[in-house]
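Undergrad: Chains as they are written, first to last, in the numbering used here: chain B, 118 to 348; chain R, -7 to 388. Every residue gets a Cβ at the ideal spot worked out from N, C-alpha and C, and that includes glycine.
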Amino acid sequence: MSVLDVRSVTKVYGEGAAVVHALRGVSLTVERGEYVAIMGSSGSGKSTLMNIIGCLDIPSAGRYLLDDVDVSRLNDRQLALVRNRRIGFVFQSFNLIPRTTALANVELPLAYAGVKAAERRRRARVALDMVGLADRAGHEPNQLSGGQQQRVAVARALVTEPALLLADEPTGNLDSRSTEDILGILDELHAAGRTILLITHETEVAARAGRLIRLFDGQISSDVQQEPVLT
Amino acid sequence: MSVFEVLRFAVRGIGANKLRSGLTMLGILIGVAAVILLVAVGNGSAQQVAERIEALGTKTLTVQGIGGSDVLTPEVAEALDDPVLAPDVTSVSPVTSTQATLTYQGTDHSVQQFVGSYPSYFGASNSPVRTGAAFTADDLAQGRRVVVIGQTVAEELFPGLDPVGEEITVSGALFTVVGVLDEKSSASGFNDANDVAIAPLTAVQQALTGYGPFNSIIVEAKSSEKVADAQSEVSLILSTRIEVPASSTTQPYRIQNASQLLETQTETADTFTTLLGAVAAISLLVGGIGITNIMLVTVTERTREIGIRKALGAPRRVILTQFLAEATMLSLLGGGLGVAAALIGSNFTIVGVEPVIVPSSIALALCVSVAIGLFFGSVPANRAAGLRPIDALRYE
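1) Look at the alpha carbon of L329(R) and the alpha carbon of F(-4)(R), and state the distance between them as a whole number of angstroms.
2) Relative to the C-alpha of G164(R), which residue among A2(R), Q91(R), A71(R) and I349(R) is closest?
3) Looking at the structure shown, is G335(B) part of a helix, part of a strand, or coil, going by DSSP?
4) Identify each residue in the region 304 to 332 of chain R for which the Cβ-Cβ distance to at least one residue of chain D is less than 7 Å, and report them in chain order.
5) For I190(R), tell me which candidate among V145(R), A357(R) and F340(R) has the shortest Cα-Cα distance.
6) So, with DSSP's three-state summary, where would you put A133(R)?
7) Could you give the uninterrupted runs of the beta strand (DSSP E) lying entirely in the region 231 to 285 of chain B, keeping only those of 3 residues or more?
8) For L300(B) versus T288(B), is the C-beta spacing smaller than 9 Å?
9) S125(B) and G142(B) look like a contact to me (Cβ under 8 Å); what is the Cβ gap, rounded to whole Å?
10) Determine, using beta carbons only, whether L(-1)(R) comes closer than 9 Å to chain B.
11) Judging by CA-CA distance, which residue of E225(R), V87(R) and Q39(R) is the nearest neighbour of A261(R)?
12) Tell me whether K51(R) is buried or exposed, calling it buried when 16 or more other Cβ atoms sit within 10 Å of its Cβ.
13) Any beta-carbon of chain R closer than 9 Å to the one on F206(B)?
14) Are the C-beta of V199(B) and some C-beta of chain R separated by less than 9 Å?
15) Give every residue of the same chain whose Cβ lies closer than 6 Å to the Cβ of N168(B), excluding the five residues on either side of it in the sequence, and list them in chain order.
16) Any contact between the region 364 to 381 of chain R and the region 56 to 75 of chain R? By contact I mean 3 or more CB pairs, one from each, below 8 Å.
17) For S180(R), which residues from the same chain have a beta carbon less than 6 Å from its beta carbon, with the 5 sequence-adjacent residues on both sides left out?
18) Y229(B) versus chain R: which residues are under 9 Å apart at the beta carbon?
19) Checking contacts by CB at 9 Å: is L213(B) closer than that to chain R?
20) Please state whether DSSP places H318(B) in a helix, a strand or coil.
21) With three or more C-beta pairs closer than 8 Å as the rule, is the region 280 to 296 of chain R touching the region 330 to 340 of chain B?
22) Note down, in chain order, every chain R residue with its Cβ under 9 Å from the Cβ of N290(B).
23) Below 7 Å on C-beta distance, what does P381(R) contact in chain B?
24) Helix, strand or coil: which one does DSSP assign to P192(R)?
25) Does any C-beta atom of chain B lie closer than 9 Å to the C-beta of A38(R)?
26) Is it true that the region 197 to 214 of chain B meets the region 297 to 305 of chain R, where meeting means three or more beta-carbon pairs spaced less than 8 Å apart?
27) Rounded to the nearest angstrom, what separates S(-6)(R) and P347(R) at their Cα positions?
28) Going along chain R in order, which residues have a C-beta closer than 8 Å to the C-beta of P226(B)?
29) Kindly indicate if chain R contains any beta-carbon less than 9 Å away from that of R216(B).
30) According to the neighbour-count rule (16 or more other Cβ atoms, all chains shown, within 10 Å of its Cβ), is Q267(B) buried or exposed?
31) In the DSSP assignment, find the unbroken alpha helix (DSSP H) run with F167(R) in it and report its ends.
32) State the DSSP-derived secondary structure class of Y113(R), mapped to helix, strand or coil.
33) CA-CA distance, I170(B) and L347(B)?
34) Is there a Cβ of chain R sitting closer than 9 Å to that of T127(B), yes or no?
35) Please report the Cβ distance between V27(R) and A273(R), rounded to the nearest whole angstrom; I am assuming they are in contact, meaning their Cβ atoms lie under 8 Å.
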C-alpha cells in the first residue's frame, strides 16, 4: 500500500491576467519507507506540491490519497486531524513557538491530539532524546542555535508517529555542521523505516535520498531511483 | 484539549506582552470602576436626599390656609385631634409664626420664623433639642415666655456662650431661653432651617401675634405608612368643619404631605443615577473597543504562530477558543481590578456625596466584562481561526 498517491494534481492561483499555474497535473506515488527528494528551481512548484501533500492547501483539480484516504475531499476539521496524526512537518525556518520551551514545543501536536499531560511529556522527552537534545528540554527557541532548533522541530514532527515526514528545505538556514547533523538524523529515521519526503534545491542534500524527483514549471520532469550518498 | 490547557495557553499569551495587556486591562478597569462608583454616587445622593426629607419628618402633614384665609381656628385644630374620627393622627400642633427681632445684650438678630406652637411640634417637625429642654404643656397652659432657639440664632446671639437660662428680648417682649435645637439640614435650600425659634403658642399669641387664626397646623401621623390614611381623615374632618362659601370654587386650605415630596425627589435621584450609569457604560464600551483593537493586533502579530499551530493539527475550534479565552481573561481581570478600585474609591467623598455601593452593580459589572471579552474578542478570534495555514506560515 502506498503512503502517498497523487493523481493529476493541479493548482492555480489568481484570476484573469494574474493567473499562475503552479502545478499542471502532477502524479506520483510514494511507498512506505521511501526516502524521496524533490528538486526544482524557484517557481517550479515544489513548495506548492509540498503544501498540498502536507494538507496545508487543497488542489484546484485532481486527487490526492494519503494512506488510501482521499484527502482532497476533506473539510477543515478533518484536514487538521490528518495534519496532526499522519504528517510531520519540518520547515526551513524552524517555526517553533517562541517564548515556549523545547519540551512544550514538541508536546504541542500531542496536546492537540488530546493526549494527557504525563503521557505527553514522556513521549516528548523520548522524541527529544532521539534527536540528542534531552538536556535542552527546558530551553526556549531564542536560547538554542539554529541547528538545535531544527532538531527540536524534527522531534516535534516525529512525536505523533506520523506516516509521512515532510521536510521543506530543512537545512536551508543551517551551517554545514548543523546541516550534517540534520541529514544524519534523517538517515537514521529512514533506516528505521520512516517515509521521508524532502524538498531542496541543493544537490548535496538531494543526494542523500533514494529517489530524486525533479519539477520544472509545474510538472515532473524526471523521477529516478538513485544510490543514496552516505557520509 | 482540556479547558484548563486552553486557559493555560491563554495566560501565556497574555503574559507575553505584559505592558500591552496591562494597558488594555486598564481600559476595562476604568470603565467598570466608573460604572460602579458613579452608580454608588447616585445611590448615595438619593439616600442623602431621603435622609434630608426624613429630617423634615415624613410622618407629618401640613395644613395651610390658602391666600390669607382665616379658616384655621382653634376649634378646627381641636377637631383634628379626635381619636375616633382620626385614629391615625398622633398629634396636632397649631402653628403661629411671625418674623421677629431677637436682641441679647445689644446684639440684634432677625428671625424669619418665630414659631409659636404646642410641645408636640418638636416631634412632629423633627426638631430635636440639643441642649436644655423643650417647653412643656404646663408652660403652654401658663403662657410662660420661654423659647427654644435654633443653631444659627445661638451662633448669632450667643457666640461661644451657653444660651440656656439667658434672657432675650423678642420684639420688645422678654423671653427666657430654655433650649437650643440640634442642627438640621435644609431640604428646601432657601430657608435656613436653623434660623428658627420655637415658643409656646399662648406666649407668642399674647406677646406677638394676637389671637387670630393659625398660619398652619402640623399633623403628625402614627407612622410614615399611615400618612395617607391620616391625610384622608384630616381632609374629611376639615371638610365638615370648615364651611366653604358657595361662591368660591377652591378649598381655602391645602394639605401637604412630606412623603409625596420624598417620592418626587427619589424619582429625580434615581433618574440621575441611571444617567450616571449610562455615561459610565459608554466608557466601558470604549474599553471593549480597546480589547478588540489589541486582540486584532495580537492576531496579526501571531499570524505565523497560528499558522504553525494549524499546521500541527490545531482544530479551528481550539484556535478560536484560545483567542476568545485571552480576550475574556483580559476583560475579566480588568473588570475584577475595576471592582477593587471602585470599592477603594467608595471610601472617599465624591462631589460632596458619600458613595453607597450597590451590590447588584458589582455583579452586573463583572458579568458585563465577561460579555465584553467574549463579544469584542470574537471578531479577532474568528479571524485567527479562519486563517489558512499556508498563508499564515508565509506571513512575515
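TA: Reading from the atomic positions:
1) Their Cα atoms are separated by approximately 23 Å.
2) Q91(R)
3) Looking at G335(B) - three-state DSSP - the assignment turns out to be coil, as it is neither helix nor strand.
4) Structure shown: chain D not included; protein chains present are B and R.
5) V145(R)
6) Reduced to three states, the DSSP call for A133(R) is helix.
7) Runs found: 281 to 285.
8) yes
9) 5 Å
10) Any Cβ of chain B closer than 9 Å to the Cβ of L(-1)(R) would place that residue at the interface, and such an atom is absent.
11) Q39(R)
12) buried
13) yes
14) yes
15) D174
16) Under the 8 Å Cβ criterion, the region 364 to 381 of chain R does not count as touching the region 56 to 75 of chain R, having fewer than three qualifying pairs.
17) Its pLDDT being 48, under 50, S180(R) is placed unreliably in this model, and the value from its coordinates should be taken loosely. Within the same chain, and ignoring the five residues on either side of S180(R) in sequence, no residue has its Cβ closer than 6 Å to its Cβ.
18) M(-7), R301, L304, G305, A306, P307 and V310
19) yes
20) coil
21) no
22) Those within 9 Å of N290(B) in chain R number zero; the least Cβ separation is about 15 Å.
23) L173, listed in chain order.
24) strand
25) no
26) Yes: the two stretches touch, three or more of their Cβ pairs being nearer than 8 Å.
27) 43 Å
28) L304 and G305
29) yes
30) buried
31) F167(R) -> not in any alpha helix (DSSP H); beta strand (DSSP E) instead, spanning A165 to L173.
32) helix
33) 27 Å
34) no
35) The Cβ separation is near 6 Å, so the contact holds.
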